[in-house]
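As numbered in UniProt numbering, residues 1 to 318 make up the sequence shown, in order. The beta carbon of each residue, even a glycine, is placed where N, CA and C say it ideally should be. Just so it is clear, the structure is predicted and the values come from calculations on it, not from any experiment.
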Amino acid sequence: MENHSRLASIVMRPSVKPASIRTVLHVAVSLNWHAHQLDVKNAFLYGDLDETVYMHQSPGFVDPTRPTHVCLLRKSLYGLKQAPRAWYHRFATFATKIGFNQSKADASLFVLKRGKDLAYLLLYVDDISLTSSSTSLLRSIITSLNSEFSMTDLGKLHYFLGIAINRDKHGMFLSQQNYAAGIIHRTGMTGCNPTTTPVDTSSKLPAAVGTTVADLTLYRGLAGALQYLTFTRPDIAYAVQQVCLHMHDPREPHLHALKRIIRYQKGTITNGIRLKPTSISTITAYTDADWAGCTTTRRSTSGYCVFLGDNLVSWSSK
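Written out as structure tokens, the structure reads:
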């Protein structure tokens, strides 16, 4: 799938939440379930269109007897704004047909209960992560999906949404080392000296101090890339949130703070988050706020983290 199609789909249809992914993986690790990953070939072409959509005849396939005629589309095509939604609706309809129920908390999380067995399916555009309490149920689901869609079984879950997943006797380790290396290379900071902390804790970034950065697109692109890196790096969540506050009008001090995060990544590039076998019935949450800590607006910065058993599954800084 082309990058622009994938990015468009993130905005135009429900995407599985990071906390859902970590929670499902926590369950798989704690209960020793099998986990597989699947890829749907040409996913957007499966969508049925409810709206009336016409298109010009494709170059090279124009009817010489009716060259001015247009085509009435029955199925979605890549590039259509309806395509992501149509594909999602088609998949959700079939998943429900074979026994899955959609989670009320996350529309891209599907749950199937069959007798004493249980299965969880996570959908992100054309990428599927599937885990089940029994091998027979897992194979049955894969067979059903293959009967409806052209799919590739990529085997045991090892790489999902740019996240490397290494499973061993101690649990799972989730990391984005390659993704972090790409960010460092993109900024030309491959040879930079690492720093031991991602942010200067003495004060917060002021809003309108310093000159505007020369390349606004680069700043915003790097800030967005760092946001995705927080998927496995809760240690940079606060620092990234601070630089993202100024994406509308980034100044030089904000760029320096952003580069500090990248220097911190250089020294901690192999870091990630580990999920180990533990309780799945105990939830513990911590939250705090600095109360009017922003020197410009006097708004508070709040944060929370949620543990399922002993594993950290959700966090935020806002």
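| field | residue 311 (DSSP reduced to helix, strand or coil) | value | As a first step, residue 311 is located in the sequence shown; it is residue number 311 there, counting from the start. Reduced to three states, the DSSP call for residue 311 is strand.
| task | Tell me whether residue 30 sits in a helix, a strand or coil according to DSSP, three-state version. | result | The residue given as residue 30 occupies position 30 in the sequence shown. Helix at residue 30.
| request: Report the residue ranges of all alpha helix (DSSP H) runs contained in full by the stretch 201 to 280; include only those spanning at least 4 residues, in chain order. | output: 216 to 229, 237 to 244, 252 to 267
| task | Pull up the CB-CB distance for residue 220 and residue 247, whole angstroms please, since I reckon it's below 8 Å. | result | Looking up residue 220 in the sequence shown gives position 220. Looking up residue 247 in the sequence shown gives position 247. Right, the Cβ-Cβ distance comes to about 5 Å (below 8 Å), so this counts as a contact.
| query | Secondary structure at residue 130, three-state DSSP: helix, strand or coil? | reply | Residue numbering aside, residue 130 sits at position 130 when the sequence shown is read from its first letter. Of the three classes helix, strand and coil, the one that applies to residue 130 here is strand, per DSSP.
| task | Answer yes if the stretch 165 to 181 comes into contact with the stretch 65 to 76, meaning at least three C-beta pairs across the two stretches below 8 Å, and no otherwise. | result | Verdict: no, contact absent.
| task | Following the continuous beta strand (DSSP E) through residue 154, name the residue where it begins and the one where it ends. | result | Position 154 of the sequence shown holds residue 154. First-last of the beta strand (DSSP E) with residue 154: 151 to 156.
| said: For residue 122, list the residues DSSP reports as bridge partners. | reply: Translated into positions along the sequence shown, residue 122 becomes position 122. Answer is 109, 129.
| query | Touching or not, the stretch 22 to 36 and the stretch 130 to 145, by the rule of three or more beta carbon pairs under 8 Å? | reply | yes
| message | Assuming residue 89 is part of the alpha helix (DSSP H), what are its boundary residues? | response | For the purposes of this step, residue 89 is taken as residue 89 along the sequence shown, with counting starting at 1. From DSSP, the alpha helix (DSSP H) with residue 89 extends over 83 to 97.
| said: Assuming residue 178 is part of the alpha helix (DSSP H), what are its boundary residues? | reply: Locating residue 178 in the sequence shown gives position 178, where the first residue counts as 1. For residue 178, the uninterrupted alpha helix (DSSP H) run begins and ends at 177 to 186, by DSSP.
| Which residue comes first and which comes last in the alpha helix (DSSP H) that contains residue 143? | By 1-based counting over the sequence shown, the position of residue 143 is 143. Counting along the chain, residue 143 sits inside the alpha helix (DSSP H) bounded by residues 135 to 148.
| said: Please report the distance separating the alpha-carbon of residue 146 from that of residue 44. | reply: Here residue 146 refers to the residue found at position 146 when the sequence shown is read from its first residue. Here residue 44 refers to the residue found at position 44 when the sequence shown is read from its first residue. Roughly 16 Å between the two C-alpha positions.
| query | Excluding five sequence neighbours on each side, which residues of the same chain lie with their C-beta closer than 6 Å to the C-beta of residue 316? | reply | Indexing the sequence shown from 1 puts residue 316 at position 316. Only 304 meet the Cβ criterion.
| request: Let me know the secondary structure DSSP gives residue 46 once reduced to three states. | output: Here the question's residue 46 lines up with position 46 in the sequence shown. Per DSSP, reduced to three states, the secondary structure at residue 46 is helical.
| task | Alpha carbon to alpha carbon, how far is residue 195 from residue 206? Give it in angstroms, no decimals. | result | Locating residue 206 in the sequence shown gives position 206, counting from the first residue. Locating residue 195 in the sequence shown gives position 195, counting from the first residue. About 22 Å.
| message | Quick check on the burial criterion: 16 or more other C-beta atoms within 10 angstroms. Buried or exposed for residue 27? | response | Numbered from 1 along the sequence shown, position 27 holds the residue referred to as residue 27. Its Cβ being crowded by 16 or more others within 10 Å, residue 27 is buried.
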